[in-house]
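Numbering (the working numbering), first residue to last: 28 to 404. Below is one structure, written out as structure tokens; comments come after it.
Next up, the structure:
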């Protein structure tokens, strides 16, 4: 059994006490017992440092299992079942996704009090980026190319999946605000149903601040965004959500993980998110020169090796990249303000993430990255 001491990834590349209590042997034993084929819990071997839920790798008398726990205010049974249906569809159509475990009645979501659990088979391969922070760049160009190609494969398969939009905005990468012809009006229309976000934004000139951050980019992208074909997308295509055949540069992807942010958006949204997550060292934003052009271009190159992108789509991709994070940044504000009650974290999501990332693209280094993407054609 591992030591009870456990820290989670912070928002500034640091380690903090987690917002959610670490998984205990007692609660894991209860949920493991819901699936007879797993036998009984033997040990908890590793706890994830990811901050937005609690997860662990455990050993049972029948083998290993990955256990993830959410608070019901973040994921209820219906919201989690949406993720599972999408992941199951991808798996059955050839995308390598760890199998979601079910009890004898076919249930994959297990509720214990205020907690909602899910269990998965362990991912195959090597979890090369297991300890990598979100927004930390890929280790090399060949991994970036492989990540881009796998994302394109996923999009090809996802075209056959049809389901309603996610029923929550909390920690989901949606794009209704982004794709709206009037993002500020769309935000305002959502606030009555999102009281925590309304409370936070109500304390500031959010219209002026958000308009200043996104208006230059949105004006160029709005028409094209409104016509993008809807598609269920991963929403968090960072290499920490991929497992590999080895640690070498020529390793291939063996499994795709974590569909927690998945939602109905569009393909270029997911590709822009992949660049934003993997090719820009946001945790060092004060340094200015934080973009890895080679990684960004390799992601696009890998994607195009599977799924064609014409000149117009590459232009849309570049125009989209500075604001692709808009909906999710507001989702994080809502989460930190209304669920974990961490105003300091909500401020980071609003000022550093939403406004700061967009502002970076207006500088010389951001413009250079966008020019490189536009120049691919």
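Quick reminder that beta carbons are idealized off the backbone N, C-alpha and C, glycines included.
Go ahead and pull the three-state DSSP assignment for residue 132. coil
Give, in chain order, every unbroken run of the alpha helix (DSSP H) that is at least 4 residues long and sits entirely within the stretch 202-228. 203-206, 210-217 and 222-228
According to DSSP, is residue 155 part of a helix, a strand, or is it coil? Reduced to three states, the DSSP call for residue 155 is coil.
In chain order, each beta strand (DSSP E) run of at least 3 residues that lies wholly inside the stretch 216-287: 258-260, 269-271 and 280-283
Specify, as a first and last residue, the run of the beta strand (DSSP E) that residue 145 falls within. 142-147
Confirm, please, whether the CB-CB distance from residue 84 to residue 149 is below 9 angstroms. yes
Report the option in 141, 123 and 147 whose CA atom is closest to the CA atom of residue 130. 147
Thinking C-beta only, is residue 188 closer than 9 angstroms to residue 288? no
Just mark residue 260 as buried or exposed, buried being the case when its beta carbon has 16 or more other beta carbons within 10 Å. buried
Please look up how many angstroms separate the CB atoms of residue 75 and residue 161, rounded, as I've assumed it's under 8 angstroms. About 12 angstroms; that fails the 8 angstroms criterion.
When you compare the CB positions of residue 68 and residue 128, do they come within less than 9 angstroms of one another, or not? no
Let's test the definition: count the other Cβ atoms within 10 Å of the Cβ of residue 364 and tell me whether it reaches 16, buried, or not, exposed. buried
My understanding is that residue 193 touches residue 201, with C-beta atoms under 8 angstroms, so please give their C-beta distance in whole angstroms. 7 angstroms
Whose CA, out of 281, 325, 157 and 285, lies closest to the CA of residue 302? 325
Pick from 403, 209 and 87: whose alpha carbon is nearest that of residue 246? 209
Please report the Cβ distance between residue 199 and residue 290, rounded to the nearest whole angstrom; I am assuming they are in contact, meaning their Cβ atoms lie under 8 angstroms. 5 angstroms
Distance between residue 50 and residue 96 (C-alpha atoms, nearest Å): Whole-angstrom Cα-Cα distance: 8 angstroms.
Residue burial classification, residue 132 (beta-carbon count within 10 angstroms, cutoff 16): exposed
Does the beta-carbon distance from residue 299 to residue 353 come in below 9 angstroms? no
Between the C-alpha atoms of residue 228 and residue 378, what's the straight-line distance to the nearest angstrom? 12 angstroms
Whole-number beta carbon distance between residue 108 and residue 135, since they are thought to touch under 8 angstroms: 7 angstroms
Can you give, in chain order, each stretch of the alpha helix (DSSP H) that sits fully within the stretch 41-106 and has at least 4 residues? 52-59
Could you tell me the boundaries of the beta strand (DSSP E) in which residue 311 lies? First-last for residue 311: undefined, no H or E at that position.
Between the alpha carbons of residue 332 and residue 230, how many angstroms are there, rounded? 47 angstroms
Can you find the residues in the same chain that come closer than 6 angstroms, C-beta to C-beta, to residue 165, ignoring five residues on each side of it along the sequence? Hits under 6 angstroms: 171, 266, 305 and 322.
So, with DSSP's three-state summary, where would you put residue 333? Residue 333: coil per DSSP, three-state reduction.
Note down, in chain order, each residue of its chain lying with its Cβ closer than 7 angstroms to the Cβ of residue 40, except the 5 sequence neighbours on either side. The predicted model places residue 40 with a pLDDT of 47, which falls under 50 and marks its position as unreliable, so this point remains unresolved.
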